[in-house]
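In my numbering, the protein residues as written are 93 to 422. Quick reminder that beta carbons are idealized off the backbone N, C-alpha and C, glycines included.
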Amino acid sequence: MNDNQVFWTEKGEIKCWQDVRELLSPHQQDSTQNRKWIFRGEYLIGELEKLYFPEKADTISHILQKQNECNDYLETHLEKAFKLNGVESDDDKRNRERELIRTFQRKAALYLDREPDKDDILEWLAIMNHHGAPTRLLDWTYSFYAAVYFALNEHEKGVVWGLDVWTINKPEPIVKRICEQKDGFRMFSKAHLHYLKQCDFLGMQQEGDKLIDLAVACYLVEAYPPLPCIYPVNPFRLNKRLSVQQGLFLMTGDITKPLAENLIATFGSTEETKRHLWRAKIVPQIEERKKILDKLKDMNISNEALFPGLDGFARSVGEELAYPRPLGGT
């Protein structure tokens with residue numbers, strides 16, 4: 093992939109609450125239109141903010157901004173960790189991911205009240221991601237408003253992404269691609285049969301193709317050569333955060349390549365990816381930002397609601413600065 097190749101459609105800027113409502117309108121969930129949107133909010137700070145907003149960066153050229161804007165976003169934590177620590181070779185990346193998962197599985201019992209089944213790779217990856225370990229999963233949400241909140245709650249400006257997953261959130265296309273790979277049918281069938289044999293007396297885990305998702309995830313982690321793709325997944329057992337945030341993950345198939353290349357491989361071309369993926373900058377003035385956050389709080393979208401527990405509540409206390417209440421008020 094060319095470094096300056098844009099693989100999304102630009103939707104313009106959000107400057108006020110009305111812009112938020114207008115951007116959401118054409119992306120309401122509607123099965124009759126064969127569209128199903130998921131969203132992701134990201135904030136912009138430091139050098140990354142300068143790259144997106146060159147008016148703040150006298151020393152950074154517009155050319156440098158264009159060269160980097162494709163690669164600084166929509167990266168998994170694992171992809172960023174590889175860059176940060178100089179993990180460059182394909183074999184090294186694959187081996188290091190295995191080591192991370194194995195280390196987490198061996199020591200997690202020291203911290204978890206309940207461990208996932210040893211072979212439930214989706215739940216293990218979800219727990220790792222939840223607690224900050226680098227994984228091939230990237231957090232998204234079905235809630236557009238939650239994505240806007242994540243982009244703005246602790247920062248001046250951000251971006252929100254929208255992805256139409258209607259054509260890729262069913263197992264048939266990815267299973268077809270897997271079976272076309274060398275030894276793919278055998279590996280996938282072996283994994284699927286293994287999960288089918290697990291204890292599931294009422295057959296509940298088989299509902300919604302969760303066992304197929306497990307087999308797909310197992311194949312993507314084990315496959316060699318890896319299969320570049322993006323696949324929406326969730327573990328069978330949802331934690332509180334996933335549930336209240338209406339969250340799901342995009343799983344990267346080939347961790348030796350950027351997430352962007354996996355996206356393009358999934359949709360078939362850069363132009364087709366642009367039809368399914370858009371981005372909008374969120375650049376409100378201070379007062380308009382406060383109004384947006386106030387509207388979101390009225391919808392019960394806040395740190396306290398989205399991050400259950402004391403940590404979420406503590407972070408929410410600082411939000412009161414955005415919409416001050418009378419002293420002694422509630």
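Around the CB of leucine 204, fewer than 16 other CB atoms lie within 10 Å, so the residue is classed as exposed. Secondary structure of threonine 233 (DSSP, three-state): strand. Residue state for isoleucine 347 is assigned as coil, using DSSP reduced to three classes. The residue from Tyr135, Glu380, Leu342 and Ile219 with its alpha-carbon nearest to that of leucine 230 is Leu342.
The continuous beta strand (DSSP E) containing tyrosine 135 extends over residues 129–135.
In the structure shown, the three-state DSSP call for proline 327 is coil. Closest in alpha carbon position to proline 265, among Gly104, Val308, Phe236 and Asn245, is Val308.
The C-beta distance from glutamate 105 to valine 375 rounds to 5 Å, short enough to fall under 8 Å. Histidine 368 counts as buried, since at least 16 other C-beta atoms from the protein chains shown sit within 10 angstroms of its C-beta.
The three-state reading of DSSP puts phenylalanine 99 in coil, since its state is none of H, G, I, E or B. The beta carbons of methionine 279 and tyrosine 311 sit closer together than 7 Å. When Cβ pairs closer than 8 Å are counted between the two stretches, the segment 242–250 is seen not to touch the segment 216–224, the count staying below three. By the 16-neighbour rule on beta-carbons within 10 angstroms, arginine 190 is exposed. Here DSSP, grouped into helix, strand and coil, assigns alanine 218 to helix. Relative to valine 257, the option among Asn395, Trp370 and Glu379 whose CA is nearest is Trp370. Under DSSP, arginine 371 takes part in a beta bridge, and its partners are Glu102 and Trp253.
Below 8 Å, too few C-beta pairs join the segment 358–368 and the segment 210–218 to call them touching: fewer than three. CA-CA distance, proline 263 to isoleucine 270, rounds to 10 Å.
The continuous alpha helix (DSSP H) containing threonine 195 extends over residues 182–199. Residue environment: lysine 389 is assigned as buried (16 or more neighbouring CB atoms within 10 Å of its CB, all protein chains considered). Residues Pro324 of the same chain have their beta carbon placed closer than 6 Å to that of asparagine 261, with the five preceding and five following residues left out of the count. Residue environment: glycine 178 is assigned as exposed (fewer than 16 neighbouring CB atoms within 10 Å of its CB, all protein chains considered). DSSP places glycine 339 within a strand segment (E or B) once states are collapsed to three.
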